[in-house]
Amino acid sequence: MEDYDYLVRTLADSYLCMGVRDRDNTGDLSTDIFQEYRELIQESDSDEMFYSAVYSALFRLGTYGHLQIVEPDAYRSCRQAYEDDSPADRAHWREVLTDPGTVQGYEKLQALLDTMGATDSSAAPDDSGEPAANLHTLILPGGDVGYVKIDRFPAEHEDAYEADRAALWAFYQQAADCTDLIIDLTDNSGGSEVYWQQLLAAPLTDRPLSCTHYTLLADSANNHPYIEDAFSPEELHPIAQLPDLPELERDGIQAATHFVESTLSVEPAAERAPFHGRIWVLVGPAVYSASESFAVFCQETGFATLVGSPTGGDGIGALDPVFLQLPNSGILVQFTMMFGLNSDGSSSEEAGTTPDILSPAGEPALVTALRAMEGET
Numbered sequence: 001m002e003d004y005d006y007l008v009r010t011l012a013d014s015y016l017c018m019g020v021r022d023r024d025n026t027g028d029l030s031t032d033i034f035q036e037y038r039e040l041i042q043e044s045d046s047d048e049m050f051y052s053a054v055y056s057a058l059f060r061l062g063t064y065g066h067l068q069i070v071e072p073d074a075y076r077s078c079r080q081a082y083e084d085d086s087p088a089d090r091a092h093w094r095e096v097l098t099d100p101g102t103v104q105g106y107e108k109l110q111a112l113l114d115t116m117g118a119t120d121s122s123a124a125p126d127d128s129g130e131p132a133a134n135l136h137t138l139i140l141p142g143g144d145v146g147y148v149k150i151d152r153f154p155a156e157h158e159d160a161y162e163a164d165r166a167a168l169w170a171f172y173q174q175a176a177d178c179t180d181l182i183i184d185l186t187d188n189s190g191g192s193e194v195y196w197q198q199l200l201a202a203p204l205t206d207r208p209l210s211c212t213h214y215t216l217l218a219d220s221a222n223n224h225p226y227i228e229d230a231f232s233p234e235e236l237h238p239i240a241q242l243p244d245l246p247e248l249e250r251d252g253i254q255a256a257t258h259f260v261e262s263t264l265s266v267e268p269a270a271e272r273a274p275f276h277g278r279i280w281v282l283v284g285p286a287v288y289s290a291s292e293s294f295a296v297f298c299q300e301t302g303f304a305t306l307v308g309s310p311t312g313g314d315g316i317g318a319l320d321p322v323f324l325q326l327p328n329s330g331i332l333v334q335f336t337m338m339f340g341l342n343s344d345g346s347s348s349e350e351a352g353t354t355p356d357i358l359s360p361a362g363e364p365a366l367v368t369a370l371r372a373m374e375g376e377t
């Protein structure tokens with residue numbers, strides 16, 4: 001009960017997406033959900049029931065702002081990544097992941113799941129075949145339009161990153177004489193911002209590009225060590241100094257104490273890709289997190305024209321999700337500490353990004369882009 005009540009209290013003062021969740025679901029249901037699973041825990045002294053209740057409560061709340069329990073396979077992968085390649089400004093992330101209480105908690109949780117015969121839903125499916133390709137490229141009939149579909153943005157430490165780097169550079173050579181390049185992100189739910197910055201934007205621009213937005217923070221007991229790691233005192237501004245923004249929805253973000261100016265920026269690569277035509281980026285509701293940040297960057301800087309349907313959001317103020325460590329069980333819950341605002345003040349998580357060219361109902365974004373090309377030539 002201490003762990004569960006701690007979870008609810010900490011989310012209330014640290015996690016700023018609860019208002020988004022309640023508005024999107026037409027009602028203040030989060031309190032009812034928390035109470036329902038609290039009663040289940042009260043009626044049982046089972047570790048299995050406790051874990052199931054926390055998992056189910058978070059599942060029903062939805063993954064707004066990357067909210068979810070960190071399952072054992074995800075914990076091991078995350079811990080390995082932070083131990084091997086953790087930047088200096090992520091010290092507290094590493095401390096929490098390697099804390100003895102966390103380590104012991106996940107050993108017990110894994111043993112519990114083994115006893116239950118449960119499958120970790122964060123684990124990759126068992127597939128002895130070759131992994132599916134992340135990139136799909138072609139030159140469309142006529143030879144004037146290059147097309148690349150990217151299903152996710154692998155991080156630098158992944159083998160897929162280097163494979164995609166080589167494949168994209170070869171494709172840029174192949175598309176050198178094209179008038180237009182289409183980058184299809186309609187099935188891309190994110191990954192690493194470094195991917196699009198280094199492999200998409202930097203090779204295809206001949207000038208520095210940047211855009212800046214406001215991002216809200218709650219300087220709670222849980223979040224404070226993360227904030228200290230990631231920001232200098234000069235970067236933190238009291239929430240009272242936030243400028244008036246026409247679409248800012250203050251209901252649900254009362255816990256916000258500060259804001260920072262979050263900048264997405266790219267410098268041209270040392271070697272410019274040979275393609276110099278127009279760039280079109282296809283987007284839709286699956287576009288989220290790092291792919292959303294690319295969509296925002298494209299629209300704000302004019303790097304590319306966005307085509308399709310509104311995106312999923314949460315791409316402003318990109319920072320690794322922070323952890324909420326349950327004090328007795330050691331289990332981790334993750335969520336986005338940064339609450340990004342679009343230029344008009346609307347929530348990036350809630351409103352996403354509206355494309356420059358909206359696809360008519362039922363029309364694929366690719367068809368809309370091809371029609372737009374014909375209309376401009």
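In full-length UniProt numbering, the protein residues as written are 1 to 377.
Built from N, CA and C at the ideal position, the CB exists for glycine as well.
Keep in mind that this is a model prediction, so the values were computed, not measured.
- The criterion of a C-beta distance shorter than 9 angstroms is satisfied by A269 and P203.
- Boundaries for I253: no beta strand (DSSP E) harbours it, and the DSSP string shows neither H nor E there.
- When DSSP states are grouped into helix, strand and coil, P238 belongs to the strand group.
- A check of alpha carbon separations from E156 across R38, G191 and P141 identifies G191 as the nearest.
- The beta carbon of Y55 sits closer than 8 angstroms to those of I69, all from its chain and outside the five residues before and after it, given in chain order.
- Per DSSP, the unbroken alpha helix (DSSP H) holding H224 starts and ends at H224 to A230.
- Taking the Cα of Q254 as reference, the smallest distance to any Cα among A240, V266, P246 and E247 is reached at A240.
- Among the bridge pairs identified by DSSP, L97 is matched with none.
- A Cβ-Cβ separation of about 7 angstroms places G313 in contact with A351 under the 8 angstroms criterion.
- Where W169 is concerned, the enclosing alpha helix (DSSP H) starts and stops at D159 to Q174.
- Listed in chain order, the non-local C-beta contacts of W196 below 8 angstroms within the same chain comprise F153, A290, S291, S293, F294 and F297, local neighbours out to five positions each way being set aside.
- Taking 9 angstroms as the cut-off, the Cβ atoms of H66 and Y226 do not count as close.
- Straight across, the Cα-Cα distance linking G284 with D84 is about 34 angstroms.
- Judged by DSSP in its simplified three-state form, L113 adopts helix.
- Note on geometry: alpha-carbon atoms of Q325 and F335 lie some 11 angstroms from one another.
- Taking C-beta separations shorter than 8 angstroms and ignoring five residues to either side along the sequence, the partners of F323 in its chain run V70, W93, V96, L97, L332, V333 and Q334, following chain order.
- Its Cα nearest to that of T311, the residue S348 stands out among S348, Y214 and R79.
- For L40, the CB contacts under 6 angstroms within the same chain, skipping 5 residues up- and downstream, are A53 in chain order.
- Straight-line spacing of the CA atoms in T305 and D344 works out to 19 angstroms.
- DSSP links G308 through a beta bridge to V283 and L358.
- Residue A256 holds the alpha-carbon nearest to the alpha-carbon of A221 among E235, S210, G252 and A256.
- V333 has I69 and L324 as its beta-bridge partners, per DSSP.
- Counting along the chain, the unbroken beta strand (DSSP E) around S262 starts and ends at H258 to V266.
- Excluding its 5 nearest sequence neighbours in each direction, T263 has C-beta neighbours in its own chain below 6 angstroms: S210 and T212, listed in chain order.
- Restricting attention to alpha helix (DSSP H) runs no shorter than 4 residues, the stretch 10 to 53 encloses them at 18 to 24 and 30 to 42, ordered along the chain.
- Within its own chain, the residues whose Cβ lies closer than 6 angstroms to the Cβ of E261, once the five positions on either side in sequence are excluded, are T212, listed in chain order.
- At a Cβ-Cβ threshold of 9 angstroms, I279 and I183 count as neighbours.
- Where T212 is concerned, there is no enclosing alpha helix (DSSP H), although the beta strand (DSSP E) around it starts and stops at L209 to L217.
- A distance below 9 angstroms separates the beta carbons of L135 and D151.
- H276 sits in coil when the DSSP states are folded into three classes, being neither helix nor strand.
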